[in-house]
Amino acid sequence: MVDKAQCCCSTEEATEEELLSRLDEVIAEYKGKPGALIPVLQMAQAIFGYLPESALKKVALGLDKSYSEVAGVVSFYAFFSTNPKGRQTIRVCLGTACYVRGGKQVLEALKSKLKIEVGEATPDRELSLEVARCFGACGLAPTMSIGEEVYKRVRPAKVGEIIEEYYKNNVSVKGAAV
Amino acid sequence: MAKITIDNEVVEVPDGTTILAAARRAGIKIPTLCYLEDVQAIGACRVCMVEVEGARTLVASCVAPVSDGMVVHTNSKKARAARKMVVELLLSDHTGDCQVCDRNDDCELQALARDLGIRDITYQGEKSRRLVDDSTPALVRDSAKCVLCRRCVTVCADTQSVGGIFPQGRGFETVIGPAFAGELDDIVCVQCGQCAAVCPVGAISERDQVQEVWAALDDPTKTVVVQTAPAIRAALGECFGLEPGTLVTGRMVTALRRLGFHAVFDTNFAADLTIMEEGNELLTRLKKALTGEGDVALPMFTSCSPGWIKYIEYFYPDMLNNLSTCKSPQQMFGAIAKTYYAQKIGKKPEDMIVVSIMPCTAKKYEAQRPEMRDSGVQDVDYVLTTRELGRMITEAGIDFVNLPDGKQDSPIGLGSGAADIFANTGGVMEAALRTAWEVVTGQELPFDNLHVTPVAGLDGIKEASATFTNCLPEWSFLEGVTAKVAVAHGLGNARRLIEKIRAGEASYHFIEIMTCPGGCIGGGGQPRMTTNAIRKKRIEAIYKEDEGKALRKSHKNPEILQVYEEFLGAPLGELSHKLLHTKYTPRTKV
Ligand code: SF4
Ligand code: SF4
Ligand code: SF4
Ligand code: FES
Ligand code: FES
Numbered sequence: 648m649v650d651k652a653q654c655c656c657s658t659e660e661a662t663e664e665e666l667l668s669r670l671d672e673v674i675a676e677y678k679g680k681p682g683a684l685i686p687v688l689q690m691a692q693a694i695f696g697y698l699p700e701s702a703l704k705k706v707a708l709g710l711d712k713s714y715s716e717v718a719g720v721v722s723f724y725a726f727f728s729t730n731p732k733g734r735q736t737i738r739v740c741l742g743t744a745c746y747v748r749g750g751k752q753v754l755e756a757l758k759s760k761l762k763i764e765v766g767e768a769t770p771d772r773e774l775s776l777e778v779a780r781c782f783g784a785c786g787l788a789p790t791m792s793i794g795e796e797v798y799k800r801v802r803p804a805k806v807g808e809i810i811e812e813y814y815k816n817n818v819s820v821k822g823a824a825v
Numbered sequence: 014m015a016k017i018t019i020d021n022e023v024v025e026v027p028d029g030t031t032i033l034a035a036a037r038r039a040g041i042k043i044p045t046l047c048y049l050e051d052v053q054a055i056g057a058c059r060v061c062m063v064e065v066e067g068a069r070t071l072v073a074s075c076v077a078p079v080s081d082g083m084v085v086h087t088n089s090k091k092a093r094a095a096r097k098m099v100v101e102l103l104l105s106d107h108t109g110d111c112q113v114c115d116r117n118d119d120c121e122l123q124a125l126a127r128d129l130g131i132r133d134i135t136y137q138g139e140k141s142r143r144l145v146d147d148s149t150p151a152l153v154r155d156s157a158k159c160v161l162c163r164r165c166v167t168v169c170a171d172t173q174s175v176g177g178i179f180p181q182g183r184g185f186e187t188v189i190g191p192a193f194a195g196e197l198d199d200i201v202c203v204q205c206g207q208c209a210a211v212c213p214v215g216a217i218s219e220r221d222q223v224q225e226v227w228a229a230l231d232d233p234t235k236t237v238v239v240q241t242a243p244a245i246r247a248a249l250g251e252c253f254g255l256e257p258g259t260l261v262t263g264r265m266v267t268a269l270r271r272l273g274f275h276a277v278f279d280t281n282f283a284a285d286l287t288i289m290e291e292g293n294e295l296l297t298r299l300k301k302a303l304t305g306e307g308d309v310a311l312p313m314f315t316s317c318s319p320g321w322i323k324y325i326e327y328f329y330p331d332m333l334n335n336l337s338t339c340k341s342p343q344q345m346f347g348a349i350a351k352t353y354y355a356q357k358i359g360k361k362p363e364d365m366i367v368v369s370i371m372p373c374t375a376k377k378y379e380a381q382r383p384e385m386r387d388s389g390v391q392d393v394d395y396v397l398t399t400r401e402l403g404r405m406i407t408e409a410g411i412d413f414v415n416l417p418d419g420k421q422d423s424p425i426g427l428g429s430g431a432a433d434i435f436a437n438t439g440g441v442m443e444a445a446l447r448t449a450w451e452v453v454t455g456q457e458l459p460f461d462n463l464h465v466t467p468v469a470g471l472d473g474i475k476e477a478s479a480t481f482t483n484c485l486p487e488w489s490f491l492e493g494v495t496a497k498v499a500v501a502h503g504l505g506n507a508r509r510l511i512e513k514i515r516a517g518e519a520s521y522h523f524i525e526i527m528t529c530p531g532g533c534i535g536g537g538g539q540p541r542m543t544t545n546a547i548r549k550k551r552i553e554a555i556y557k558e559d560e561g562k563a564l565r566k567s568h569k570n571p572e573i574l575q576v577y578e579e580f581l582g583a584p585l586g587e588l589s590h591k592l593l594h595t596k597y598t599p600r601t602k603v
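For the record, the sequence lines run as chains A and B. Sequential numbering from 648 applies to the first sequence in the working numbering. Sequential numbering from 14 applies to the second sequence in the working numbering.
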């Protein structure tokens, strides 16, 4: 597990302004070239980790495209995301065994605990919420994972504890989300 | 030329003609949905599929060109079955109740289902999610009725150069709409309603205010007056099956009176007023520019078209000083009705209701702009499109076609021929020149029958110029000056014209812009569908109305002279400034 303090990439620390000015450089490079939209969006996603509204609006303005057209392209391709990713991902298994044994309720409990939807991240960008197919631990359903760690026989009422435990062990500064 | 056989008929057509066009020429009807004459042929819906001998699959006839010797079957078993399947699939994901849908008299999906003999829907599947957008005063969108034909996308992006609506998402999740399936109010939509004008179904329509107007008419404490835009009289008849281009001015007045309006006036009166104010504004700007007396922005743009106003606010906010400060005729009328007329009949503005009949959805937006309350209350209360008025007349059981002619009320109900032509592209320019020329030279505008033909017609961008000679002493600074004017209709053409000016490739003194293709006669609130052929017919009718009048110049309108004498004083005077002029708001385009 990468510790924040040791992280060598600077995205975590760069301010939104710095990131937006990097995006300006990308736009300047592609401006006026045909077919620029998709590559610029890919670069933007690389810069921000996702595609925030401010970046999309800048791309629209910079490439002289309508915002609705840019949004149309972003929502067409699955590899673009308008939600920030958490540093770690929670995956709730909704494979057959887990589904039958309460995976859905685990997911609901997580959604209400973290106050986010599937595909979103907590406001502190620590955890993203996703669903998964099968972890191969069907005998111990329902299951979920945070990063590499798999939790088995999860009870919906206990997900709060799992999250708190995670924050205690992994996040030195108490996360704002919980 | 190519010789092809369609359903055993041999037709000869120029190379490049589509199968659809060739079939139409041979009198054979192939059903279509996404295809729209003068707008788009994109082969998206597959409703127009036909069988071509030798081709592996059925082809979409709206995009497939003919080739010499081609043999086409439009009505084979395979083609019929395929078309039926396409329409059945559309119906299986369609949520709507035809009986209560505002399109149930002219819905293309309903007509297709009927024409293809569909009697039940074999496919039953999941329905797409329904998004209803009523965020704007002008339009309501309902995704559950959308057939994804993309006509609105093409019109908004290409014709109007706005790009407000695009397909969002992918596959079954696709919806046509603003960014991230959001709302029109969150984007640069100018509320022109051209999307609604081309939609084949009830997925985009005007925000209906008929109930509000009935309520006002039923309220005994209110005096309810109505104005009708110049373009209504050339189109309203279409709501009752009359030929496009039938003039129904007199019947329209009678119908409005029977609906219960206390006075029936005419936006044409206010169009004449606009010419007085805007003409003088132009001459004042020219004077300042030519004598070096002051810093003024030229060219001056007309400001009658609220979609255009919103467009320039979004896309060229640095050019707002070039816009005439004149309100549109609709808003001039509202402000005068609730002050001058209200005083005349001894009413307070708050006890009056002003209803407008407009060819336009953006007028609904304009009426509720915060700037438009100079009488102390909202100057224009409700705006009905031509289509809504048509429905109201039907609802009242009025036999429109057989009505006797009526005449507008006085004193704000008389309009000149110059006001009539505000309805079509080039008309405001012609009306302004009829007056300005005469003011400056004392002579009639030197064009045949007063028509400035170079700026008339359906070309996207038009130009004209004329050199002032024999100017009256007061205007001697204009002697020998060549006035250059331009006219554009459809916002895409407006953008092209502005870009030309910005690039230094052209320069003008005065420019008329109308938001909709063809001008107001092609407005977003007019009876559907408006093709170029129909635009031409409506324009002809408008010119006929103008030519039939003795009064053809705004500055000769006796009611205009009266309102200046009794109330306003002089054009550009203090009261004019308060009631008839306005300010604009710079906006950003994302
Ligand atoms: S859009 Fe057409 S098919 Fe759909 S409910 Fe309205 S009238 Fe019926
Ligand atoms: S009203 Fe005009 S600008 Fe708005 S979405 Fe429709 S076509 Fe585009
Ligand atoms: S809203 Fe109307 S015009 Fe636009 S895609 Fe849907 S059906 Fe076609
Ligand atoms: S179904 Fe959840 S682990 Fe297999
Ligand atoms: S009408 Fe030809 S594909 Fe839609």
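Think of the CB as a built atom: it goes at the ideal place given N, C-alpha and C, for glycine as much as any other residue.
On the three-state DSSP scale, how would you describe residue i?
i, result
"M690 (chain A)", "helix"
"V211 (chain B)", "helix"
"G67 (chain B)", "coil"
"F695 (chain A)", "helix"
"K16 (chain B)", "strand"
"I810 (chain A)", "helix"
"R154 (chain B)", "strand"
"D231 (chain B)", "helix"
"S759 (chain A)", "helix"
"Q735 (chain A)", "strand"
"K602 (chain B)", "coil"
"Q181 (chain B)", "strand"
"T236 (chain B)", "strand"
"P803 (chain A)", "helix"
"V825 (chain A)", "Caution applies to V825 (chain A), whose pLDDT of 45 falls short of 50 and renders its modelled position unreliable; the value that the coordinates give is listed next. Correct three-state label for V825 (chain A): coil."
"P571 (chain B)", "helix"
Use the C-beta contact count for residue i: other C-beta atoms within 10 angstroms, 16 or more gives buried, fewer gives exposed.
i, result
"T594 (chain B)", "The question names Thr, but residue 594 (chain B) is His in the sequence shown. Per the 10 Å Cβ criterion, buried."
"D285 (chain B)", "buried"
"E121 (chain B)", "buried"
"G535 (chain B)", "buried"
"F726 (chain A)", "exposed"
"I358 (chain B)", "exposed"
"N437 (chain B)", "buried"
"K557 (chain B)", "exposed"
"D356 (chain B)", "Note on identity: in this sequence residue 356 (chain B) is Gln, with Asp being the wrong assignment. When all chains shown are included, Q356 (chain B) counts as exposed."
"D650 (chain A)", "Reliability fails at D650 (chain A), whose pLDDT of 47 lies under 50, so the model's placement of it is uncertain and the value that follows must be treated cautiously. Classification of D650 (chain A): exposed, given that the 10 Å Cβ count is below 16."
"D232 (chain B)", "exposed"
"D461 (chain B)", "exposed"
"E672 (chain A)", "exposed"
"V113 (chain B)", "exposed"
"K550 (chain B)", "buried"
"M14 (chain B)", "exposed"
"D133 (chain B)", "exposed"
Counting only C-beta atoms, is residue i closer than 8 Å to chain D at any point?
i, result
"A192 (chain B)", "The structure shown contains no chain D; the protein chains it does contain are A and B."
Residues passing the C-beta test against ligand 5 heavy atoms, cut-off 6 Å:
B:T45, B:L46, B:C47, B:Y48, B:G56, B:A57, B:C58, B:R59, B:V60, B:C61, B:A73, B:C75
Short of 7 Å Cβ to Cβ, which residues in the segment 762-793 of chain A face chain B?
none
For review: beta carbons within less than 6 Å of any heavy atom in ligand 1
Residues flagged by the Cβ proximity filter: B:H107, B:G109, B:D110, B:C111, B:C114, B:R116, B:N117, B:C120, B:L122, B:Q123, B:K158, B:V214, B:G215.
Pull out every residue of the segment 713-726 of chain A whose Cβ sits closer than 7 Å to any Cβ of chain B, in chain order.
S713, Y714, S715, E716, A718, G719, S722, F723
In chain order, which alpha helix (DSSP H) runs of at least 4 residues are fully inside the segment 22-67 of chain B?
List check, alpha helix (DSSP H) in window: 32-38.
At a CB distance below 7 Å, what residues from the segment 696-712 of chain A approach chain B? Give them in sequence order.
K704, A707, L708
Contact residues within the segment 156-187 of chain B, judged by C-beta distance below 8 Å to chain A:
A170, V175, G176, G177, I178, F179, P180, Q181, G182, R183
At 3 residues or longer, what runs of the beta strand (DSSP E) sit wholly inside the segment 415-489 of chain B?
474-480
Can you check the segment 319-384 of chain B for any beta strand (DSSP E) of at least 3 residues that lies completely inside it and give the ranges in chain order?
365-371
Along the segment 505-518 of chain B, what residues have a CB closer than 8 Å to any CB found in chain A?
none
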